[in-house]
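Data first, discussion second: the structure below is written as structure tokens.
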DNA sequence: TCATTATATTACTGCATGAGTATATAGGAA
DNA sequence: TTCCTATATACTCATGCAGTAATATAATGA
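Residue numbers (the numbering used here), protein chains in the order written: chain R, 8 to 129; chain V, 8 to 129.
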């Protein structure tokens, strides 16, 4: 961590990204795309442990990805805005592009004529 | 990691986000916004150790955020597309919105008349 | 009050990962 | 070759964090 004064912003951004960069939390967020849900519902739907879900939700809450509302015994969580969906969409698109590209490269490799001398693969 | 068959996509997305979710790597990416740079330049500009920068670059390369080109003794890295900038922009915007919102709340709190009975703050 | 349900927190464990140092590899010049 | 520069990798250490189990807190009803 050898940064100067401007380090703080990067740390802030990184912290927010870290909150998103976890498969369990992405799974939780994905369920919340369908609408608000209480903790128990999320536990059931994701198959994660209750304590686990609770902690993940606290992280998502702390970084502003979700909002809460208590209704009697239940605490309902919902997406606070489209931020997480937006970011995931960008990532997914890039993953698909990469896959498509690799597929093209592979196809070109498989369809080419046998090398006349030796080919430069290894 | 108690996921079913659909876990893989989340893991993929999380891995890509993790690659971005580090202050040092964000710092590197930020420098690359100005154009391609070789490792030594990035070491000088970021103040990070050489091995450190090299490792971070490999991670960014592996997740498709940067591309490389060798020119004689130097290996130049450049952004592969606008993905990282796009995502950082979203995050930064949300951080600014949050800050602005907190500022508004604080201002409203400081400017209000003294409570008549008690107020509901704690 | 006590019991029950829902959620949060704590303590613990194991694994992943970032930083630093040293070393290895690659590319080029003498 | 030998030397030098540029980059990558291996190794070690320490910290962080995800998962789980147990416990604590909160809200409600009997």
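Ideal Cβ positions, reconstructed from N, Cα and C, are used throughout, including at glycine.
By the three-class DSSP mapping on this structure, what secondary structure does residue 137 of chain V have?
For chain V, the structure presents residues 8 to 129; residue 137 of chain V sits outside this window and is missing.
Could you give the first and the last residue of the continuous alpha helix (DSSP H) run that contains residue 7 of chain R?
Outside the displayed range of chain R (8 to 129) lies residue 7 of chain R, so it cannot be described from this structure.
Kindly indicate which three-state DSSP category residue 80 of chain R falls into: helix, strand or coil?
Numbered from 1 along the first chain, position 73 holds the residue referred to as residue 80 of chain R. Residue 80 of chain R: coil per DSSP, three-state reduction.
May I ask you to verify whether the stretch 94-107 of chain R touches the stretch 87-100 of chain V, counting CB pairs closer than 8 Å and requiring at least 3?
The answer is yes - the stretch 87-100 of chain V touches the stretch 94-107 of chain R, with three or more Cβ pairs under 8 Å.
Spell out whether any CB of chain R is found under 7 Å from the CB atom of residue 110 of chain V.
The residue given as residue 110 of chain V occupies position 103 in the second chain. No, residue 110 of chain V lies away from the interface with chain R (no Cβ there is under 7 Å from its Cβ).
Determine, using beta carbons only, whether residue 34 of chain R comes closer than 7 Å to chain V.
Reading the first chain from its first residue, position 27 is the one you call residue 34 of chain R. Closer than 7 Å to some Cβ of chain V, the Cβ of residue 34 of chain R qualifies, so yes.
Below 7 Å between beta carbons: does that hold for residue 72 of chain R and residue 43 of chain R?
Along the first chain, one-based indexing puts residue 72 of chain R at 65. Along the first chain, one-based indexing puts residue 43 of chain R at 36. No, these two residues do not count as a Cβ contact at 7 Å.
Straight-line CA distance for residue 4 of chain R to residue 49 of chain V?
Within the shown structure, residues of chain R are numbered from 8 to 129, placing residue 4 of chain R beyond reach of any answer.
Can you check whether the CB of residue 36 of chain V is closer than 7 Å to the CB of residue 102 of chain R?
Here the question's residue 102 of chain R lines up with position 95 in the first chain. Here the question's residue 36 of chain V lines up with position 29 in the second chain. Cβ atoms of residue 102 of chain R and residue 36 of chain V: not closer than 7 Å.
Any Cβ of chain V within less than 7 Å of the Cβ of residue 69 of chain R?
Position 62 of the first chain holds residue 69 of chain R. By this cut-off, residue 69 of chain R is not an interface position.
Anything in chain R within Cβ reach of residue 25 of chain V, meaning under 9 Å, just list it in chain order.
The sequence position of residue 25 of chain V within the second chain is 18, counting from 1. The answer, in chain order, is 24, 25, 28 and 29.
Identify the contact partners of residue 17 of chain V in chain R, using a Cβ-Cβ distance below 7 Å as the criterion.
Locating residue 17 of chain V in the second chain gives position 10, where the first residue counts as 1. Ordered by position in chain R, the residues that pass the 7 Å Cβ test against residue 17 of chain V are 30, 33 and 34.
Are any of the Cβ atoms in chain R nearer than 7 Å to that of residue 92 of chain V?
Position 85 of the second chain, counted from the start, is the residue given in the question as residue 92 of chain V. Output row for residue 92 of chain V: interface = no.
Quick one: list the residues of chain R neighbouring residue 5 of chain V, beta-carbon separation under 8 Å, in chain order.
Nothing about residue 5 of chain V can be reported from this structure: the residues present for chain V run from 8 to 129 only.
Take the Cβ of residue 47 of chain R as the centre, count every other Cβ of all protein chains shown within 10 Å, and call the residue buried at 16 or more, exposed below.
Translated into the one-based positions of the first chain, residue 47 of chain R becomes position 40. Counting Cβ neighbours within 10 Å, residue 47 of chain R comes out exposed, since fewer than 16 surround it.
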